[in-house]
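Numbering (my numbering), first residue to last: 313 to 797. Data first, discussion second: the structure below is written as C-alpha cells.
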DNA sequence: AGATAGGAGATTTAGACAGCATGTC
DNA sequence: CTAAATCTCCTATCT
C-alpha cells in the first residue's frame, strides 16, 4: 500500500530517510549505480541533523584508511558525520567493514547501497527502501529479476529488535506502481537458466569432468549432459551433441584432452588447467604467448598485459573516446614487449584489446607505486575495484607461472614471480628485498628505501633509533628480530 | 568584463568467484 | 523490453 511520510524536501528518498531517523529506526536504500549510491547518501546526509562524537571518530577513521585519502574517502567521511553512508564494491575493504559494523551498532542510520548489501543476511534494517527496480544491462534499462528484488526486500525487519519490517518501493507513476505490485509482489521468480549453455562454462566443465574421470567414454559424456538441467531446458539433444563435440574438438586441438579408445582423457596440461580453474581459452592464450616469448624483450608489463587480456579479468577498464589517442600512443611504446597483438580494426575484439591495454597500464602504474587517489583520478577506478583487479591479476599470474613451469620454461619463471610480487605489494623492483619482511608493505618499504635502507643488510646496519624514527618502535624491533639482531 | 543560467550533446551505468600460502599501515 | 542522471561545453543574457 502507498506510504505517507512528511514531505520535508522534493526528494522522496530523502523524506523517507528523515522519517526513518525521526522514528529512531534504520534503513537501507537500494539504488542501481555506485554514483547514485553516493549522491543519495550525500543528499540525505545534508538533511539528517544528526551529530554525534562517535560518528566524528568513525569519519576520521574512514578517512584515514589509505595512506592518502581519495576524494571518495572524503565524501564518505562527510556523509558518515551525519549518520549516513554509501556502500558499494568501490569502497576499500576496511571502509566496507567499518560502515557495516557502524550500521549494526546503530551509529549509522541510513546506508545508500548497490546490491552489495542485498545478499548479506547479517545486515537487517527496519526499512528496505528500493529506489530502482531497473538497471542498465547490455540491452538497455531492464527490470531486475524478481529474485533480486526479494533479496533486497529480505533485508527489512530485524528479527531480534523489530516485530515488523517495511519494504518501500519508490515508484514515479501509477503505471510503475501497478507494475511493481503485479510483477514483484504478486509475481513469482523467473525460471533459472542453465549456465552450461554459455560456452566458456561448458569448456571448463567438460575439461574438469573428464579430468576427474566423472565422464570419459563418449557415451558417458552424452549421457551425463543428456540428464543435465541444460538438456531439460534446451531439449534439442542433437544440437547439444553438436556443441559438445565442437568443444571437445577444440580441447583436443589445444592439447588439454587426448582421444583414447572410445573416449577422452585429460593431458598433463589439461589436468593442471582444470586444477587452476582457468578457462581453457585463457590457458590456451597463455601457452601460445609463452611459446612466442623467446627472444622477446620481456618486462613486467608483458605479464600484466597477458593476464589483463583474458575473460577472467572482465569487466575491464574502458577506453574513453578522448583517451583513445593516449592509449594508442602508450601502446606504441609497449608493443615490442607484448606477446599478444592488436587484432584488425574490423574484428569485434578490437575495442576490447585496448581496454585490456588500458587495464594493464593501470596495473603497471600500481607497480610504479602510484596511489589510490591517482588511480581514481586517472582511471576512474575506485579503491575496492582496484583491489579486485589486483587480486584477479595475481591469481592469473599464478596460472601463467604454473603453465610456464609445466612447459619447463625456467628463464621466465623468475620474471613472472617478480611481476606477481610487485603487483601484490604495488612496488617497484627496488623495494622487493624489503617487502619480504613481515610488517613491511609498500609505504614502509618506500620510507626505508628513501632513508638509505635498501635491503636486509641495511636493516642490520641501521641503528634501532633510526628504524624507530621511520616505522615506529614496535615495527623496528620486529625488523631487527627478523634479521637476527 | 564577468557572472550566471540554460540548452545541446556526450558520457556513463551491479556484484563476485576461482589458486595458494600468509600477513598491510 | 529498449533510460536516466550527470557532466561538459557552449552561448545568450544579465549585472
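Every residue, glycine too, gets a C-beta built ideally from N, C-alpha and C. It should be emphasised that the depicted structure is a prediction, and the values quoted were computed from it without experimental measurement.
Tell me the rounded alpha-carbon separation between residue i and residue j.
i	j	result
residue 424	residue 481	14 Å
residue 371	residue 584	47 Å
residue 640	residue 650	14 Å
residue 358	residue 351	11 Å
residue 395	residue 406	18 Å
residue 380	residue 374	12 Å
residue 540	residue 502	19 Å
residue 544	residue 577	27 Å
residue 518	residue 534	11 Å
residue 324	residue 356	10 Å
residue 455	residue 492	10 Å
residue 765	residue 774	7 Å
residue 620	residue 399	27 Å
residue 791	residue 741	20 Å
residue 520	residue 528	11 Å
residue 563	residue 569	6 Å
residue 744	residue 366	40 Å
residue 607	residue 797	44 Å
residue 731	residue 361	50 Å
residue 645	residue 515	35 Å
In its own chain, which residues sit with a C-beta less than 6 Å from the C-beta of residue i, not counting the 5 before and 5 after it?
i	result
residue 780	788
residue 553	none
residue 783	756
residue 746	752, 757, 760
residue 666	631, 639
residue 465	440, 479
So what's residue i in DSSP terms, helix, strand or just coil?
i	result
residue 423	strand
residue 454	strand
residue 660	coil
residue 446	strand
residue 478	strand
residue 372	helix
residue 396	strand
residue 529	strand
residue 557	helix
residue 497	helix
residue 797	coil
residue 381	coil
residue 363	coil
residue 610	coil
residue 348	helix
residue 693	coil
residue 621	coil
residue 585	helix
residue 653	coil
Does the beta-carbon of residue i have 16 or more other beta-carbons within 10 angstroms, so that it is buried, or is it exposed?
i	result
residue 561	exposed
residue 632	exposed
residue 658	exposed
residue 343	buried
residue 734	buried
residue 346	buried
residue 617	buried
residue 504	exposed
residue 653	exposed
residue 337	buried
residue 402	buried
residue 625	buried
residue 412	buried
residue 450	exposed
residue 421	buried
residue 384	buried
residue 510	exposed
Take residue i and list the residues in its own chain whose beta-carbon comes closer than 8 Å to its own, dropping the five residues that flank it on each side.
i	result
residue 623	512, 591, 593, 594
residue 702	675, 678, 735, 736, 738
residue 683	378, 379, 380
What residues are listed by DSSP as bridge partners for residue i?
i	result
residue 569	578
residue 441	341, 480
residue 468	437
Just to confirm, does residue i get its C-beta within under 7 Å of one of the non-hydrogen atoms of the ligand NAD?
i	result
residue 354	In the structure on display, the ligand NAD does not appear, and there are no ligands present to speak of.
Identify, in the order they occur along the chain, each residue of the same chain with its Cβ nearer than 7 Å to the Cβ of residue i, setting aside the five sequence neighbours on each side.
i	result
residue 717	725
residue 549	538, 543
residue 368	393
residue 629	667, 670, 671, 674, 691, 693
residue 523	578, 582, 583, 586
residue 276	Residue 276 is absent from the structure shown; the chain starts at 313 and stops at 797.
residue 697	401, 402
residue 588	711, 714
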